Structures are given as structure tokens and as C-alpha cells.
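Q: What follows is a structure written as C-alpha cells; I'll ask about it next.
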Amino acid sequence: MKVAVLKGGRSLERGVSLRSGARVEDALERLGHEVVALDVGGDLVKRLSAERPDVAFVAMHGVGGEDGTAQELLEILGIPFTGPGAAACARCMDKSQAKHAIREAGLPTPDWFAFSQTAFRELGAADALGGLEQRLGFPLVVKPSRGGSSLGVKFAADPAEVPQALVSAFSYDDRVLLERFVRGRELAVSVLGDEALPVVEAIPAAGDSYDFEARYEIGRTRFVCPAEIDPAASAAVTEAALATYRTLGCSGFARIDLILTADGPQILEANAIPGLTDTSLLPQAAEAAGMSFEQLVERILDLALKPAAA
Amino acid sequence: MSEVPPPPHRRRAHTSTRDLERYADLFAERTTVMRSSAMRDLMAITARPEVISLAGGLPDTSTFPPKSFAAQMTRIAQESAAEALQYGPTEGFEETKDCIVEVMGAEGMLVDPHDVIVTTGGQQAIDLVCKTLVDPGDVVICEAPTYPGAVPVFCSYQADVVQVECDEAGMRVDLLEQLLEQLRRDGRRPKFVYSVPTFQNPAGVTMSLQRRQRLVELARLHELLVVEDNPYGLLRYGGETLPPLYQLDGGDFVVYIGTLSKILSPGIRLGWAVAPPPVMEKIVLGKQAADLCTSTLTQYFVREYFAEGRWRQYVEDLVEIYRGRRDSMLAALREHFPAAATWTEPQGGLFIWATLPDYIDTGDLLAKALRADVAFVPGQAAYIDERGRNSMRLNFSGVSDAEIGEGIRRIGAVIAEQVELYEALTGERAAPVRQAEADDGADVLPFRKTGEAGG
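Chains as they are written, first to last, in the numbering used here: chain A, 1064 to 1373; chain B, 7 to 461.
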């Protein structure tokens, strides 16, 4: 089968995407497929039209690749592709939208407020900050609404730290979230087809629990899979992840990040195209479920070609 | 030319998490301090062709005449092919050392060639010095900010790195003095002080004569070494030449590191170290273990190049080009950076260090700048700790005047947006306009003075 691997692009997560893509290409070749590697740029449609692949493997992360843009083009060109469709990608990418959908479905997610840059620049939204901070409490988390990895995500320990955190978050997107910080264990559930894979727990090194950058530095965060949590909690977490996946309209695969609090899981976000690098969580979870990386890639392709058979 | 197919090769199956774990127990302790990060991934985007990158540290090699290069290499091939393709002495060829003595002489230093070892770039010299002097946990002192490329070397030898604040006259030697006193009281003896005293990377500042004199005095007093890294000394665009530390000290307590990277080519990888004989003896053993000898072919090329006697003219040509680019960047900074920003005005070298209001994180700013197709090095790279988050290093040697102007304009625009946003968030108004200061002819202060020693 001829498989086009879409990777790179102009996203800030280009580096991760290139690593995900390279690893997928290797696996596809070993599986005997014909691989066309596409570093996504201005000639994407031209190249896809010329190559006419049977299926596209989307290994892009962040804005431009994970937000539905590439998926829309693939839908128009009639090329089947891996992972969620354009609409689901767009919903997952925008944390504010995703949280609205999650809450409307009656699922738990930490309280939040979302602001656009225009609200602060032109509508005096700063005057509303004090009240919101009181409702969310401290520390609170400030994050760009769209964007992946840990980029631009900051803790604010007190009101004085909020403006600076907002300036940082607005560097990545024109819309940001102020979110209540919930204490608990940091978990990730990868969903493949309509099946949840074993839960992964991220355990930050001592002293790094307020440093989001640490999540992406090898050696500063330890990942345990399957997570050592009791069966009831594990079932609740898995259930919440699957419900989120369905609510956001995901298909193929996605990764749901949650916090397990004393009162049960709180859903943070859904990643439409989770990383596929050596150290990424989806491959780790698949491995814990007894799937090799090749088997994972093959399964993802199957789901793209026969969505009904999932 | 027809395209040659790649040779048959094995494509290794990518490692799984379990594989990584399998090797984890084998890794040396020192690898735990070698880190990859999301920010490093961000730097991957700076390589896109449409990005104006002020992030590099590249000299401009485009002016080196291809004809001379061809003639020199042809002469080597015709007259000494066998020797040029052979191993050489670990210390380097005598002829190479003569070239080095000549380069150092041009900066007023008198050197015994026996004290010189030829290395694979200045970077290897830093590595060999650490290899020779640093045990895990030993204190190494450097400037704040320091050369970002030195940090991983210090870390890989598990040094306890302590940084001493700089201002417009280089390292605050008074703070160094306090630090040395403190360390003495704690019963800890630092192994060396690493400094780029002239046109520092990344700050672009130059250590004053008084501080240079005091620094070498302190080295004698405390019997510790000063490692003077001087890649840019000959690239002076204004102001008076100052004596290198090596010259002031006479070479007893100063280990000198030089390179041809910035005055000839970084691609040939030719650097050197000068050290007192007992230290040199150990460095030579370290070099032997590392790579036996510096590229023989490179050394033959250097010999040919220096024999033509035009190297000083070439450096002068570079100085002309870089002076113009520095001036372009300074002019662009004055025009496009907000009033609350400060920057250094280097008299030489390759870099300007700009400092923004403290609420701007230049790591996050880089993300915004990349969307505007421009890049710089976030200041944090030059610190061991969390400092430097509101500074940036800007390179002016590797890009054209037009690109410098446009690049700085774009960075200025994204900074202006952040300043405006912060003001909207806090109700604060902009700092006083700098234009008035500039008219007074007053120097722009490059740093917020915190008056704190690093540590």
C-alpha cells in the first residue's frame, strides 16, 4: 500500500513531529508499505495529487497539523487519513472549546475562564481578573488555548504573577485559559479505535511539579505504565477518557490527559494526534497492552481505511 | 553530475521504551545532566529557509576567495599528499604552532611554541581543560551570562558551576573576590575561572583593564587558574586594544584558548590551548586519549594559508564587514526596540545582548518571533539557573545588513505587542523614552544591576 506520511510543517512542534514521522516511516517500511515522506509545506496539495497515496498517515503536531487544517484538505482530496477527522481535531486543539463540550456532556473538568487578546487590549478585561482569580483560587494555571507540549503553560502562585503568565501564554495563541489548579496524580489514557489502552502516570522529579517544561525533558519526569492505581480508580479514569473521546467526536486514536484527584478524575485536555516518538505516551501504552510499534501503526492504518470495522 | 544512490545500509528499528530501559542502567551518572527540551525543539524551526536567523554564531565564510582555497589545496595535493593524509603529532605540527604564535603575536602576546597544543577547535580545548582539572563536584566559576557552548562541557564533567554577574565592563571581579573568599571559608577550592574577557559571547562586553589586572592578581593569590577563551580578540571595530589576560599574567596562572574559527574558518576545526608545562603535559595525555591528533590535512591547509602572508588582510576585510553589520544592528535596535529595552554596544566580536522588561520571557517570545519568521537565542541558554529569561543574544556576523534591519524590525514588533499587552493587563505605562538619553550621548546600560554574585 502507498502511504504518505505527513510531518513537520510550520508548527512550533515541528521537531517532535519530524521524530514521530521518521519513526512511523521506518515501521511502515518494515511492514512492507511504499512510503512517501512529506514535510508539509506550500506544495502539499500538489504533491498529494501527484502521488495519489492510498492513505495518509498524519504525524503532525500542533497548529497547522493537529488542528484540522491538514485533515480538511485530505477530506477534500478524498484521501483516507489516520486519526480524528477535521472537526474533531479542531475541537481537541482548542482547549476552551473542548472543555465546553466536555462540561456540557456532564464530564468533570477543572473550572476555567477563556480570554482573547482583544478582550484585554480593547475591552478592559484586566478589570475582571481580580474576581476570576478569587473564583479559581491560587495557584492557578495559565495556558494558551491552542498549542501542544508544555509550551507557554505557566503556574501563577499569586495575583502578581498572573500578568506575566498571560503575556507568556499569549505568545502562543490569541486566546488563553485561566484554569483552576487541581491536585492529584497526572494520568494519560490513549484510546485506539474505541478501546482504551493501559493508563500511563507521569511522575515529575522532586521539585519539578510546578515546571511544565520538565514533562518534556528526559530524566526529569518518570512515566509508569500501566499506572499503579486501584482498579476502581482505573475504571473511572478509563471511563472518563472514553466518554471524552466520544464527546469530542474522535476516531482512530487520541490521548486524553487527566488528573486523578481525591474526588475522582478531572479531564484536562484531549490530544488528537499524540506523539509517536521513542518516549511518547501512546506507544508506551500500546506496548503495555502487548502491541509492538509496528502492530500499533498497522492498527492505526486499518482504522483509517475501515472506520466501521473499528 | 549523476546522482549516486546511497550505499546499502541497515535501518535500525526504532527503540521502544523497554529498549531504552534496557540501556538505562548502563548510562554514566554524567548523562543525567545532559537534557533535551521542548525549547530545543523550538530551535529546530529556526533552520527553515524563510526564517531570518540572528540565533547563530556563524562567521561569514562567503568572502573567502575560492581561487586561493583551490590553489592552496592543490599545492598540498601535489607537494605533500602522503604527509597530509598521515597521522601527526598529538601536540600538533611545529609549523602550525608557528602560525599560532604569529596570531597571538598580533594581539601582543609572546608565546613559547612548546607551551602550545593544537586542538580540534577551541571547543575541544575547553573539554581538555575540564578533563585535566575537574573532578565531579569541583567548583568551576564562569561569567553570568556565559558562553552557552561551555555549559554542557562543564556539566558533562559534573562540575559545580557558579556564575559571577557581568556588567558593561565584563565580569564583576569584586563579586568574584567575595565569592572566592566565601569558598575559602567553606573549605572549597575552585579549579578555574572561565572567562571570555574580550567581546564576550553572549554579552558582547569587554573586561576593563583594571579588572583584568585584578583578575590575574586574584589567580596568583588564590593559586587557581584562569581559562581565557579569546575567539574574537582580533575582530575589533572600535575602541582601544586591551592586553589579553595571558599577556598580563605571563602564562603562569592563565590557560589561554584560541581558535581560527572566527578569523579563517570554523569548518576546518582548528583551535589551540596554551598552558604552563605541567598542565600542558596532562592536556597532551588527554588529547591523545580523545583523538590522537588534530586533522593533519587541516594543519597543512593552515600552513599554506599563512605562508601566503595575507591572513591579516583577510581579518581586516572581515572587520570592515562586521563593523558595518554591528552598526546596522545597533541602528535597527534604536529604531525598532521599545524604550524599556537595553542592549550592549560591543566594540568587537559577533554578538549583541539585549535585555527586555523583566515580565517578558524570551523563550516564549521566540515562539511568537518564529511566527514572524525571525529567530534569536533566548538568554536562558547562557545561565545554569533560571536567570536570563528576559534577555536574548543577537548575532550580526552571519546575516546581511538588509536582513539584520528586517530581523530586528520583526523582533521589535513582537516585543511591542507584549509590552502593550502587559500594560493593558497591569495599567502600567511605558518606561521613559530612551531617545533623550541617546541624545545626551550617554551609554546605554546593558544590564539591570542586581549586585548579586551567582550561585
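Glycine included, C-beta positions come from ideal geometry on N, C-alpha and C. These figures come from a predicted structure and were not determined experimentally.
Nearest to Gly-1193/A by alpha carbon, out of Pro-1173/A, Pro-1222/A, Pro-1207/A?
A: Pro-1222/A
Q: Whole angstroms is fine: what's the gap from Phe-312/B's alpha carbon to Ile-274/B's?
A: Taking the straight line from one Cα to the other gives about 14 Å.
Q: Mapping DSSP to helix, strand and coil, what is Lys-1369/A?
A: DSSP, reduced to helix, strand and coil, places Lys-1369/A outside both helices and strands of the structure shown, so it counts as coil.
Q: Quick test of your reading: Gly-1084/A and Gly-1071/A, contact by CB under 8 Å. State the CB separation rounded to the nearest angstrom.
A: 7 Å
Q: Does DSSP put Val-1252/A in a helix, a strand or coil?
A: Assignment of Val-1252/A by DSSP, reduced to helix, strand and coil, places it in the strand class.
Q: Which residue marks the beginning of the alpha helix (DSSP H) containing Cys-172/B, and which one marks its end?
A: Run containing Cys-172/B: none in the alpha helix (DSSP H); it sits in the beta strand (DSSP E), 166-173.
Q: Per DSSP, what kind of secondary structure is Cys-148/B in: helix, strand or coil?
A: Note: Cys-148/B maps to strand in three-state DSSP.
Q: Since Val-1103/A contacts Ala-1149/A with CB under 8 Å, what's their CB separation in whole angstroms?
A: Between Ala-1149/A and Val-1103/A the Cβ distance is about 15 Å, and since that is not below 8 Å, they are no contact.
Q: What does Phe-1233/A touch in chain B if you count any residue whose Cβ is under 9 Å from its own?
A: Correct list: Asp-370, Lys-374, Glu-423, Gln-424, Leu-427.
Q: Going by C-alpha distance, which of Tyr-29/B, Ala-53/B, Asp-31/B is nearest Leu-376/B?
A: Ala-53/B
Q: Please list the segments of the beta strand (DSSP E) lying wholly inside the region 272-323 of chain B, counting only runs of 3 or more residues, in order along the chain.
A: 277-280
Q: 9 Å is my cut-off, CB to CB: does Asp-367/B come that close to chain A?
A: yes
Q: Please decide whether Gly-1193/A counts as near chain B, where near means a Cβ-Cβ distance under 9 Å.
A: no
Q: Residues of the region 1217-1241 of chain A in Cβ contact with chain B at a cutoff of 9 Å, in chain order, please.
A: Lys-1217, Val-1225, Pro-1226, Gln-1227, Leu-1229, Val-1230, Ser-1231, Ala-1232, Phe-1233, Ser-1234, Tyr-1235
Q: Count Cβ pairs between the region 63-72 of chain B and the region 403-420 of chain B that sit closer than 8 Å; are there 3 or more?
A: yes
Q: Relative to the C-alpha of Met-1123/A, which residue among His-1163/A, Leu-1069/A, Asp-1106/A is closest?
A: Leu-1069/A
Q: Could you tell me the boundaries of the beta strand (DSSP E) in which Pro-1207/A lies?
A: 1203-1207
Q: Quick check on the DSSP output: the alpha helix (DSSP H) that includes Leu-224/B runs from which residue to which?
A: 215-228
Q: How about Leu-1344/A and Pro-1337/A: are their beta carbons less than 9 Å apart?
A: yes
Q: What whole-angstrom Cβ distance do Val-1118/A and Val-1066/A have, given they're in contact under 8 Å?
A: 6 Å
Q: For Leu-270/B, tell me which candidate among Tyr-320/B, Leu-248/B, Gly-264/B, Leu-254/B has the shortest Cα-Cα distance.
A: The shortest Cα separation from Leu-270/B among Tyr-320/B, Leu-248/B, Gly-264/B, Leu-254/B belongs to Tyr-320/B.
Q: Kindly list, in the order they appear in chain A, the residues whose Cβ is closer than 9 Å to that of Thr-432/B.
A: Neighbours of Thr-432/B on chain A, chain order: Ala-1189, Pro-1226.
Q: On a CA-only basis, which of Ala-373/B, Thr-368/B, Asp-391/B, Ala-378/B is nearest Gly-385/B? Give me that one, please.
A: When the alpha-carbon of Gly-385/B is set against those of Ala-373/B, Thr-368/B, Asp-391/B, Ala-378/B, the nearest one is in Thr-368/B.
Q: With 16 as the cutoff for other CB atoms within 10 Å, does Asp-235/B come out buried or exposed?
A: So Asp-235/B counts as buried.
Q: So for Gly-1078/A, helix, strand or coil by DSSP?
A: helix
Q: Are any of the Cβ atoms in chain B nearer than 9 Å to that of Gly-1256/A?
A: no
Q: Tell me the residue span of the beta strand (DSSP E) that contains Arg-1285/A.
A: 1284-1287
Q: CB-CB under 6 Å to Leu-1359/A, same chain, minus the five flanking residues each way: which ones, in chain order?
A: Answer for Leu-1359/A: Ala-1349, listed in chain order.
Q: How many whole angstroms separate the CB atoms of Ala-387/B and Pro-154/B, which I take to be in contact at a CB cut-off of 8 Å?
A: 4 Å
Q: Report yes or no: is there a C-beta of chain A within less than 9 Å of the C-beta of Gly-36/B?
A: In the sequence as displayed, the identity of residue 36/B is Arg instead of Gly. No - not a single Cβ of chain A is within 9 Å of the one on Arg-36/B.
Q: For Arg-1318/A, does the count of other Cβ atoms within 10 angstroms reach 16, so buried, or fall short, so exposed?
A: buried
Q: Can you have a look at Glu-314/B and say buried or exposed, based on whether 16 or more other CB atoms are within 10 angstroms of its CB?
A: Glu-314/B is exposed by the Cβ-count criterion.
Q: Buried or exposed: where does Ala-1220/A fall if 16 or more other Cβ atoms within 10 Å of its Cβ makes it buried?
A: exposed
Q: Between Glu-495/B and the rest of its own chain, which residues show a CB-CB distance below 7 Å, the 5 nearest in sequence each way excluded?
A: Summary: the structure shown does not reach residue 495/B, with chain B confined to residues 7 through 461, and so no result is reported for it.
Q: In three-state terms, what does DSSP make of Thr-1145/A?
A: coil
Q: How long is the line joining the alpha carbons of Leu-1241/A and Ser-1179/A, rounded to whole angstroms?
A: 11 Å
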